[in-house]
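Written below as structure tokens is the structure these notes are about.
Protein chains: 2
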Amino acid sequence: MTTIPVALGARSYDVRIEPGLLASAGEVLAPLSRGRPMPIVTDTNLAAHCETLVASLAAAGVAAPVLVLPAGESTKSWAQLEALTDWLLAQGVVRSDHVIALGGGVIGDLVGFATSILKRGCNFVQIPTTLLAQVDSSVGGKTAINSRAGKNLIGAFHQPSLVLIDPQVLDTLPQRELRAGYAEVAKYGLIDDAAFFAWCEENADALFAGDPAARATAIGHSVAAKARIVAADERETTGTRALLNLGHTFGHALEAETGFSDTLLHGEAVAAGMALAFAFSAQQGLCPAADAERVAAHLRSVGLPDGLAAAGVTADGKTLVGHMLHDKKMEGSTLPFLLARGIGQTYLDKTVDLETVAAFLDGVR
Amino acid sequence: MTTIPVALGARSYDVRIEPGLLASAGEVLAPLSRGRPMPIVTDTNLAAHCETLVASLAAAGVAAPVLVLPAGESTKSWAQLEALTDWLLAQGVVRSDHVIALGGGVIGDLVGFATSILKRGCNFVQIPTTLLAQVDSSVGGKTAINSRAGKNLIGAFHQPSLVLIDPQVLDTLPQRELRAGYAEVAKYGLIDDAAFFAWCEENADALFAGDPAARATAIGHSVAAKARIVAADERETTGTRALLNLGHTFGHALEAETGFSDTLLHGEAVAAGMALAFAFSAQQGLCPAADAERVAAHLRSVGLPDGLAAAGVTADGKTLVGHMLHDKKMEGSTLPFLLARGIGQTYLDKTVDLETVAAFLDGVR
């Protein structure tokens, strides 16, 4: 088993990664339960994995009532948040109890937020079942629901007590979702680790073909990178954590334009957004054009969109910049952008002119 | 102006107390606004105070859009929380902005919670307008709404950036609400400050008659006591902060029995609860009977209930203990109680037997 510590003082926790971990999770979780039940929240797509987990907990003597929520982004709602907290209260959950989030980013975000506000905070464990959740959303403590005005606008920073990652659960994940999650893996290379991006270029095919070693390496390296960045800036106040948003500002505009729907998954939008961030950096003379082309080529090679057209977006620059203005990262009237001086050399730029961005987008339509 | 610091590291803030402060709040708040609007959330009972505040902000060049919510406990709901966050998002509030909570505990709890989850946390300023909010709920960062299952079960620890207390606003507060707030003032003496309790006994009449010096002393001393206790245990993890719950476990049972209604205000329940905690301590041989009688006599003398009958509660001990089991302070199957060895000598006892409590309550019906 690989164990990666997330060093956050009193809120520190471990991420454990091991093929087959779901079936032996009961042993790992029993000490946390201290004889109390561990409620599981999951979604309608995960019945088989949930059965494995419940059986493993039962074998370790831990009771685990289950709440199954509808799969999909619409579950990150006020109505589901209230229903979930009502259910947890009905289960008699107290502050020292641990609730298990078994699912992708939707379940992790919703359960993380619900447990952060239940009795002003109880504990939770993340068992992420998608590649995106394993390498990104399950680590770092960002939790949220969506509001009428936009995605993830209501939420909290709430760290899990433990994250259990079983790479084998990816065997049943649709390829499109695997690709979407892979965008965040490649992101860690682009941010500050050119050697890891080169590893991605060499090993992506093996990863998509199901090679267990390639998957374990990709997940372990990504989690370690995220743990390092989050430990340096837990609440996104110093700018370090903002590096994780590479591709997310351009990507947010694409998601808004496509209505945050299955037309363009979050990871797909991030892929296109990273390609756009590098292309914009190259156009501005900040980054070699060859690096921007290498980023786009790798994303294309794994079937991810490398720009506006591939993402199916035809809107003009002004429209897309308009979406960016509703990004929750807006600071007064400016929006910080992640730009690049090269692969593995990104930085936060707070002086980007939005009209220049709009003109760039019009140029690459 | 009296300034009391609340020392919480990066979350430290000041409580400023001054008669007439509401009319000069604009000067104090303008530096926080940094040219941005400061949205005000208040309730239907506070139109005149809100007008004073808006005028003061306008004179200091600060725009202040106002949201007026229905007065009363039912405003601490999921529906109002969602509506409030939608309104704040529509106002374009960003993480570095400050939202003003102008009101009593309901407005402070709701706005504090809403700002804690808006974009994962923006700032807020408390301007408490009841004695209860001035000496208790506006300081310390506990925020919440009520759920179907009980009061304050959904919330967060979220510290304000600043608390402005104008004792003059109490001139328009109904006497019954003033008395209810006074229960929390006397509480600080009973917890660990026998000299302050003696001051209360001597000066309560002047305070209720409107003497500005008595009010300023009572508020300043109470805020300083709360600031000290909260600084020692911000998130209620070491047991120190639990001292603030003196009378609240018995009181919670009385509030639950009377349906959390205007039949028995929170402060009235706390008064009766403190008298019961001292009477129980005396009955258990922990505390001199004379101290328990002195507590009851002082509460009676200001018109606060000193026990079950005065609180209008006729339920038996078993019923009342049943309500306590739904207290969010429950730890597994035990409930910590604040007991007393004398006036100013309270302590947390985690070994209290609930059947003994029930028998005691039957004995004092």
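Heads up: the sequence lines are chains R and V, in that order.
Everything in the first sequence is counted per the working numbering, starting at 158 for the first residue and increasing by one.
Everything in the second sequence is counted per the working numbering, starting at 158 for the first residue and increasing by one.
Just so you know, even glycine gets a beta-carbon here, dropped at the ideal spot from N, CA and C.
Out of R/Leu245, R/Gln316, R/Ala240 and R/Ser295, the CA that lies nearest to the CA of R/Leu259 is found in R/Ser295. Ranking R/Thr513, R/Leu518 and R/Phe494 by CA distance to the CA of R/Lys507 puts R/Phe494 first.
R/Ser318 carries a coil assignment under DSSP once its states are collapsed to helix, strand and coil. Within the same chain, Cβ atoms closer than 6 Å to the Cβ of V/Pro162 are found at Asp171, the five residues on either side in sequence being excluded. Contact between R/Thr201 and R/Ile348 does not hold, since the beta-carbon distance rounds to 34 Å and is not under 8 Å.
In terms of Cβ geometry, R/Gly307 and R/Ala290 do not form a close pair [threshold 8 Å].
With respect to chain R, the C-beta atom of V/Ala221 has no partner C-beta closer than 8 Å.
Residues of the segment 273 to 297 of chain R with a Cβ closer than 9 Å to any Cβ of chain V, in chain order: Ser273, Ile274, Leu275, Lys276, Arg277 and Gly278. Interface with chain V (8 Å Cβ-Cβ cutoff): R/Thr160 is excluded.
For V/Thr199, no alpha helix (DSSP H) segment is defined; the enclosing uninterrupted segment is the beta strand (DSSP E) at Ile197 to Asp200. Going by C-alpha positions, V/Asn309 is about 22 Å away from V/Leu245. Spatial neighbours of R/Pro176 in its own chain (CB-CB distance under 8 Å, excluding positions within 5 residues in sequence) are listed in chain order as Asp323, Pro324, Gln325, Pro369 and Ala373.
Within chain R, the C-beta atoms nearer than 7 Å to that of V/Thr242 come from Ser304 and Ile311, in chain order.
Per DSSP, reduced to three states, the secondary structure at V/Ile257 is strand. Taking 8 Å as the cut-off, the beta carbon of R/Ala313 is found no closer than this to the beta carbon of V/Arg498. Listed along chain V is no residue with a C-beta nearer than 8 Å to that of R/Leu364; the closest approach is about 32 Å. The distance from the Cβ of R/Gly262 to that of R/Thr287 is about 7 Å, consistent with a contact at the 8 Å cut-off. DSSP places R/Ser169 outside both helix and strand once states are collapsed to three, so it counts as coil. Contact holds between the segment 329 to 342 of chain R and the segment 355 to 368 of chain R, because three or more Cβ pairs, one in each stretch, are under 8 Å apart. Rounded to whole angstroms, the separation of the alpha carbons of R/Gly218 and V/Pro196 is 52 Å. Judged by DSSP secondary structure, R/Val185 falls within the alpha helix (DSSP H) whose first and last residues are Ala182 to Ser190.
Bridge pairing for V/Lys299: V/Phe314 [DSSP]. For R/Phe417, no alpha helix (DSSP H) segment is defined, and its DSSP state is neither H nor E. Taking all protein chains shown into account, V/Glu414 has 16 or more neighbouring C-beta atoms within 10 Å of its C-beta and is therefore buried. Distances from the CA of V/His315 to each of V/Ala301, V/Glu184, V/Arg305 and V/Leu327 were compared; the closest alpha carbon is that of V/Ala301.
About 7 Å separates the Cβ atoms of V/Val223 and V/Val211, confirming a contact at the 8 Å cut-off. If you draw a 10 Å sphere on the C-beta of V/Asp519, you find fewer than 16 other C-beta atoms in it, and that means exposed. Residues of chain V whose Cβ lies closer than 8 Å to the Cβ of R/Leu401 do not exist, since the nearest Cβ in that chain is about 14 Å away. Nearest to R/Ser213 by alpha-carbon distance, out of R/Glu184, R/Arg193 and R/Ala429, is R/Glu184. By the Cβ neighbour-count rule, V/Glu412 is buried, with 16 or more other Cβ atoms within 10 Å of its own.
Close CB contacts of V/Thr476 within its chain, under the 8 Å cut and outside five residues either way in sequence, are with Glu414 (chain order).
With 16 or more other Cβ atoms from the protein chains shown falling within 10 Å of its own Cβ, R/Pro462 counts as buried. Under the three-state reduction of DSSP output, V/Ala497 falls in the strand class. Within its own chain, the residues whose Cβ lies closer than 8 Å to the Cβ of R/Lys383, once the five positions on either side in sequence are excluded, are Val292, Asp293, Val296, Gly297, Tyr345 and Leu401, listed in chain order. Residue contact with chain R for V/Met487: present (Cβ-Cβ distance below 8 Å to some residue of chain R).
Nearest C-alpha to V/Arg252 among R/Gly501, R/Met487 and R/Ile500: R/Met487.
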